[in-house]
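Asks: Once you've had a glance at the structure underneath, I'll fire off some questions.
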Amino acid sequence: SAVFSVIIGLALQDTLGSLFAGLSLQLEQPFRIGDWVEVQNGGQKWSGQIQEVNWRATFLLGYSDVLIVIPNKILATSQIVVFTYEARPGRRSQAFRLPAENDPEAVKRALYAGLREVSAVLSYPAPKALIVETGEAWLTYKMFYRSRISAPNTPWAMR
Numbered sequence: 436s437a438v439f440s441v442i443i444g445l446a447l448q449d450t451l452g453s454l455f456a457g458l459s460l461q462l463e464q465p466f467r468i469g470d471w472v473e474v475q476n477g478g479q480k481w482s483g484q485i486q487e488v489n490w491r492a493t494f495l496l497g498y499s500d501v502l503i504v505i506p507n508k509i510l511a512t513s514q515i516v517v518f519t520y521e522a523r524p525g526r527r528s529q530a531f532r533l534p535a536e537n538d539p540e541a542v543k544r545a546l547y548a549g550l551r552e553v554s555a556v557l558s559y560p561a562p563k564a565l566i567v568e569t570g571e572a573w574l575t576y577k578m579f580y581r582s583r584i585s586a587p588n589t590p591w592a593m594r
């Protein structure tokens with residue numbers, strides 16, 4: 436009888452661990468449905484948007500539309516960075532092909548000035564402008580920046 440109890444206890448250990456971790460997540464609510472999170476546990480890292488939290492697991496929709504299921508027992512011992520749905524910073528880039536006769540430093544100054552006018556563009560980390568391609572009569576500039584956006588790969592106009 437004691438051996439049977441130990442076997443049942445060991446068999447239910449993961450299930451009960453996830454159950455109690457799930458209840459803890461439901462009570463504490465460190466994130467909400469729709470929030471973007473980065474979860475790190477040991478050498479593993481997951482990123483995505485919270486889709487569902489139940490007693491057993493938390494479901495994330497990854498950046499490549501992949502459903503990631505993380506047992507709550509693992510989530511309870513993980514480092515979690517929460518970005519709210521409205522304020523998730525995203526990495527962006529935009530390329531511009533311009534005539535080669537333009538002064539590259541003047542072009543970069545104009546690109547930086549233009550980005551400062553866009554309220555969704557974050558000032559930190561600072562945007563970066565690089566020449567990424569050259570032709571006989573043109574140069575391709577590429578701006579790298581971070582923005583406040585609601586979801587990855589959401590197009591928005593930069594004027």
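For the sequence shown, my numbering begins at 436 and goes up steadily by one.
We put the CB at the ideal spot given by N, CA and C, even for glycine.
By the three-class DSSP mapping on this structure, what secondary structure does Asn-489 have?
Replies: Reduced to three states, the DSSP call for Asn-489 is coil.
Asks: Please determine if the stretch 498–508 and the stretch 555–572 are in contact, where contact requires at least 3 C-beta pairs separated by less than 8 Å.
Replies: As far as the Cβ criterion goes, the stretch 498–508 does not touch the stretch 555–572, which means the pair count is below three.
Asks: Quick one: is Tyr-576 buried, meaning 16 or more other Cβ sit within 10 Å of its Cβ, or exposed?
Replies: Classification of Tyr-576: buried, given that the 10 Å Cβ count is 16 or more.
Asks: For Gly-570, which residues from the same chain have a beta carbon less than 6 Å from its beta carbon, with the 5 sequence-adjacent residues on both sides left out?
Replies: Closer than 6 Å at Cβ, skipping near neighbours: no residue.
Asks: With a threshold of 7 Å between beta-carbons, can Val-542 be considered close to chain B, or not?
Replies: Included in the structure is just one protein chain, with no chain B present.
Asks: If we count the other Cβ atoms within 10 Å of its Cβ and call it buried at 16 or more, is Ala-586 buried or exposed?
Replies: At Ala-586, the pLDDT of 44 sits below 50, so the modelled position is not reliable; the number obtained from the coordinates is stated separately. The residue is exposed, with fewer than 16 neighbouring Cβ atoms inside 10 Å.
Asks: Within the same chain, show all residues whose beta-carbon is closer than 8 Å to that of Asn-537, passing over the 5 residues directly before and after it, in chain order.
Replies: Closer than 8 Å at the Cβ level, and outside the excluded window around Asn-537, lie Leu-574.
Asks: Are Trp-481 and Val-488 close, meaning C-beta to C-beta below 7 Å?
Replies: No; because the gap between Cβ atoms is not below 7 Å, this pair is not in contact.
Asks: The beta strand (DSSP E) that contains Glu-473, what's its start and end?
Replies: Taken as a continuous stretch (DSSP letters only), the beta strand (DSSP E) holding Glu-473 covers 471–476.
Asks: Whose CA, out of Gly-477, Gly-478, Trp-471 and Glu-463, lies closest to the CA of Ala-496?
Replies: Correcting the residue identity first, residue 496 is Leu in this sequence and not Ala. Closest option to Leu-496, Cα to Cα, is Trp-471.
Asks: Measuring only the C-alpha atoms, how far is Val-567 from Ser-582?
Replies: Distance between the alpha carbons of Val-567 and Ser-582 is about 21 Å.
Asks: Just reading off the alpha helix (DSSP H) that Ala-548 is part of, what are its end residues?
Replies: Start and end: 539–551.
Asks: Can you name, in chain order, every residue of its own chain whose Cβ lies under 6 Å from the Cβ of Gln-484, other than the five neighbours on each side?
Replies: Trp-471 and Leu-496, listed in sequence order.
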